[in-house]
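Residue numbers (the numbering used here), protein chains in the order written: chain E, 1 to 269; chain Z, 1 to 271.
Have a look at the structure below before the remarks.
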Amino acid sequence: MKGIGSVEPYIEVQKISFLRGHRSIFNDLDLSIPKGKVTAIMGPSGIGKTTLLKLIGGQIKPSSGRVLIDGVDLNTLKRRELFEARAKMGMLFQSGALFSDLSVFENIAFPLRAHTKLPEDMIRDVVLMKLHAVGLRGAWDMMPSELSGGMTRRVALARAIALDPELIMYDEPFAGQDPIAMGVLVQLIRLLNDALGLTSVLVSHDIAEALSICDHAIIIADGRVIGAGSPAELKNDNSPLVKQFVNGLPDGPVPFHYPAGDYRMDLLG
Amino acid sequence: MFSINQSWRYSVLDFIRKTGRTGLDYSSSVGRSGLFLLRAISGLPLSLDGLSLLAVQIYKVGVLSLIIIVVSGLFIGMVLGLQGYNILIDYGSEQAVGQMVALTLVRELGPVVTALLFAGRAGSALTAEIGLMKATEQLSSMEMMGVDPLRRVIAPRLWAGFISMPILAIIFSSVGIFGGMLVSVDWLGVFEGAFWSNMQSSVDFSEDILNGLIKAVVFGLVCSWIAVFQGYDLVPTSEGIGIATTKTVVYSSLSVLSLDFLLTAVMFGGI
Numbered sequence: 001m002k003g004i005g006s007v008e009p010y011i012e013v014q015k016i017s018f019l020r021g022h023r024s025i026f027n028d029l030d031l032s033i034p035k036g037k038v039t040a041i042m043g044p045s046g047i048g049k050t051t052l053l054k055l056i057g058g059q060i061k062p063s064s065g066r067v068l069i070d071g072v073d074l075n076t077l078k079r080r081e082l083f084e085a086r087a088k089m090g091m092l093f094q095s096g097a098l099f100s101d102l103s104v105f106e107n108i109a110f111p112l113r114a115h116t117k118l119p120e121d122m123i124r125d126v127v128l129m130k131l132h133a134v135g136l137r138g139a140w141d142m143m144p145s146e147l148s149g150g151m152t153r154r155v156a157l158a159r160a161i162a163l164d165p166e167l168i169m170y171d172e173p174f175a176g177q178d179p180i181a182m183g184v185l186v187q188l189i190r191l192l193n194d195a196l197g198l199t200s201v202l203v204s205h206d207i208a209e210a211l212s213i214c215d216h217a218i219i220i221a222d223g224r225v226i227g228a229g230s231p232a233e234l235k236n237d238n239s240p241l242v243k244q245f246v247n248g249l250p251d252g253p254v255p256f257h258y259p260a261g262d263y264r265m266d267l268l269g
Numbered sequence: 001m002f003s004i005n006q007s008w009r010y011s012v013l014d015f016i017r018k019t020g021r022t023g024l025d026y027s028s029s030v031g032r033s034g035l036f037l038l039r040a041i042s043g044l045p046l047s048l049d050g051l052s053l054l055a056v057q058i059y060k061v062g063v064l065s066l067i068i069i070v071v072s073g074l075f076i077g078m079v080l081g082l083q084g085y086n087i088l089i090d091y092g093s094e095q096a097v098g099q100m101v102a103l104t105l106v107r108e109l110g111p112v113v114t115a116l117l118f119a120g121r122a123g124s125a126l127t128a129e130i131g132l133m134k135a136t137e138q139l140s141s142m143e144m145m146g147v148d149p150l151r152r153v154i155a156p157r158l159w160a161g162f163i164s165m166p167i168l169a170i171i172f173s174s175v176g177i178f179g180g181m182l183v184s185v186d187w188l189g190v191f192e193g194a195f196w197s198n199m200q201s202s203v204d205f206s207e208d209i210l211n212g213l214i215k216a217v218v219f220g221l222v223c224s225w226i227a228v229f230q231g232y233d234l235v236p237t238s239e240g241i242g243i244a245t246t247k248t249v250v251y252s253s254l255s256v257l258s259l260d261f262l263l264t265a266v267m268f269g270g271i
């Protein structure tokens, strides 16, 4: 499956399978993510969306198949090359994942210090610029424990873009956010993608917010892709699983009842 | 799929399956911990940055354990002095209480009790801290930035434990001897000259003090390894952190006590 229009794919997931214990999470999954756009990956909870992000980021290896980022399979890289490839990726974790013993400033300076040999005054400038981009320049010397949930995510976002990556991944960015924080985050994701020319991948099960900002959406269920395309195309899709998911219907191909024996037998037997 | 009425059959099969699963899980965890130790030990960055990380951890793991070690050492020394005097006075050998207190502390109680207290205080704190970092995805995000968490987070804590434990054991023994002296000389009236000179003649440097130090080093290795591994390997939920800290204390204590017997048999039992 190629990207939309003439945009070539930045990430290609080719026939990957992933097993956890005996459970097959993905089975011959194929998808591609176009360059320079915001792509949303959606699906029922527990389907392995976070696992997919980790496979893309090279943190875990697939049981079979491969993941290509800009034509490169991360699992074939040597340590040094993998280290440099990581500088081009940013990831925003669900909980922000700020280092609790470092201040906001130190958190954002962390990737800069790890990957570059910039002098301290330049690091200071870069950190303040990134904080300004997310609107938190005044919070530079606060500790993560002093930040609210929304602020934590914005600082984590500033840290994810510290090295000006080409790819940025968001793991459930809208989960548990109040409407204002949500609005801020939605706007930032869109702005950063367009201003920095990033490829953004966001994993979410908040259909409304995700479809409102993405250019391309992929729905995964049963370990495979069940629908892909622009938000308008998905809303008009006729397949029952896509319809159930996009419209939030409680029963359908994903059943309401967990498998059990006969109801009458359980009550009377 | 069994309905609720056939569940007894399911539970027998389930029990057998779970026992097998537990055994397999345990052996794979031991294997993981071995590989983990190898990677973590060699992972300490030998730069100025790495040494400053190490220094911070030595403070948190070692210095902050001083209070409990010193207070416990003092009281154990005082109890040893008191009990020792009460036992020895029946044989008229109360002047030997000095060497009794010193030998007991240096050979046995110093390394062992320090290790148990260390596992309870510093070990559980290490497990909880690393576990919390894992649960809040800090270790994952570090990896995503290309920084190996084994080098930056685990290795300094592991080495801090290795370095701190023997030092804490020495402090424990010293404070204990002082406590023993307080009780037997200042309170119970043992002649001070006899107290110290008997101790000096019977405590041998390489036989007693060095052996005690070797024990302390081994215990430090084991306790730090267990603490750090349990934090790194746990299920990243709040329940998982609780289970892991309990495991740290229990496994460390059992390992220390069994290793103590082995080491004592080798060092002092003539095996």
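All residues carry an ideal CB built from backbone N, CA and C; glycine is no exception.
None of these values were measured; they are calculated from a predicted model.
Note that the segment 28-36 of chain Z does not touch the segment 132-143 of chain Z; fewer than 3 beta-carbon pairs, one per stretch, sit closer than 8 Å.
Following the DSSP letters along the chain, one finds Tyr232 (chain Z) inside the alpha helix (DSSP H) bounded by residues Leu210 to Asp233. Against Met89 (chain E), the close residues of chain Z are Met144, in the order they occur along the chain (beta-carbon pairs closer than 8 Å). In the DSSP assignment, Asn27 (chain E) falls within the unbroken beta strand (DSSP E) covering Arg23 to Pro34. About 27 Å separates the Cβ atoms of Leu241 (chain E) and Tyr10 (chain E), ruling out a contact at the 8 Å cut-off. The beta-carbon of Arg23 (chain E) is placed no less than 8 Å from the nearest beta-carbon of chain Z. Shown here, Thr39 (chain E) sits in a strand according to DSSP, grouped into three states. Only those residues of the segment 126-154 of chain Z whose C-beta falls short of 7 Å from the nearest C-beta of chain E are listed: Thr136, Glu137, Gln138, Ser140, Ser141, Glu143, Met144, Met145, Gly146 and Val147. In the three-state DSSP reduction, Ile16 (chain E) falls in the strand class (E or B). Taking C-beta atoms as the reference points, Ile76 (chain Z) and Leu53 (chain Z) fail to come closer than 8 Å. No Cβ-Cβ contact shorter than 8 Å links Ile25 (chain E) with Leu31 (chain E). The beta-carbon of Gly48 (chain E) is placed no less than 8 Å from the nearest beta-carbon of chain Z.
Between Gly43 (chain Z) and Asp186 (chain Z), the gap from beta carbon to beta carbon reaches 8 Å or more.
Judged by DSSP secondary structure, Tyr170 (chain E) falls within the beta strand (DSSP E) whose first and last residues are Leu167 to Asp171. Rounded to whole angstroms, the Cβ separation of Met42 (chain E) and Ala217 (chain E) is 6 Å, and the two are in contact under 8 Å.
The residues Asp233, in chain order, have a CB closer than 7 Å to that of Arg32 (chain Z) in the same chain once the five nearest residues on each side in sequence are set aside. Around the beta-carbon of Pro259 (chain E), fewer than 16 other beta-carbon atoms lie within 10 Å, marking it exposed. Setting aside the 5 residues that flank it on each side, Ile241 (chain Z) is surrounded in the same chain by Ala128, Gly131, Leu132, Ala135 and Leu234, each with a C-beta closer than 7 Å to its C-beta; the list follows chain order.
Beyond the five residues adjoining it in sequence on each side, Leu185 (chain E) comes within less than 6 Å, by CB distance, of Pro173 in the same chain, given in chain order. Residue contact check for Ala109 (chain E) against chain Z: no CB pair falls below 8 Å.
About 24 Å separates the beta carbon of Gly96 (chain E) from that of Leu74 (chain E), a gap too long to meet the 8 Å contact definition. Residues of chain Z with a Cβ closer than 8 Å to the Cβ of Gln59 (chain E) are, in chain order, Ser140, Glu143 and Met144. Taking C-beta atoms as the reference points, Gln57 (chain Z) and Ala160 (chain Z) count as a pair closer than 8 Å. Within chain Z, the residues whose beta carbon sits less than 8 Å from that of Ala97 (chain E) are Thr136, Glu137, Gln138, Ser140 and Ser141, listed in sequence order. For Ala114 (chain E), the residues of chain Z that pass the 7 Å Cβ criterion are Met145, Gly146 and Val147, in the order they occur in the chain. Listed along the chain, the chain Z residues whose CB falls inside 8 Å of the CB of Arg86 (chain E) are Met144, Met145 and Gly146. By the C-beta density criterion, Arg107 (chain Z) is buried, having at least 16 other C-beta atoms within 10 angstroms. Contact between Val12 (chain Z) and Ala119 (chain Z) does not hold, since the beta-carbon distance rounds to 38 Å and is not under 8 Å. Gly248 (chain E) is positioned such that its CB atom lies closer than 8 Å to that of Ile207 (chain E). Here Gly270 (chain Z) is exposed, its C-beta having fewer than 16 other C-beta atoms within 10 Å.
Assigned with DSSP and collapsed to three states, Pro149 (chain Z) falls in helix. Chain-ordered listing is empty here: chain Z has no CB closer than 9 Å to the CB of Phe18 (chain E), the nearest sitting near 17 Å. At a cut-off of 8 Å, the C-beta of Phe174 (chain E) has no neighbouring C-beta in chain Z. For Val225 (chain E), the enclosing beta strand (DSSP E) begins and ends at Arg224 to Gly229. By the 16-neighbour rule on beta-carbons within 10 angstroms, Tyr10 (chain Z) is exposed. The beta-bridge partner set that DSSP reports for Arg66 (chain E) consists of E:Gln14.
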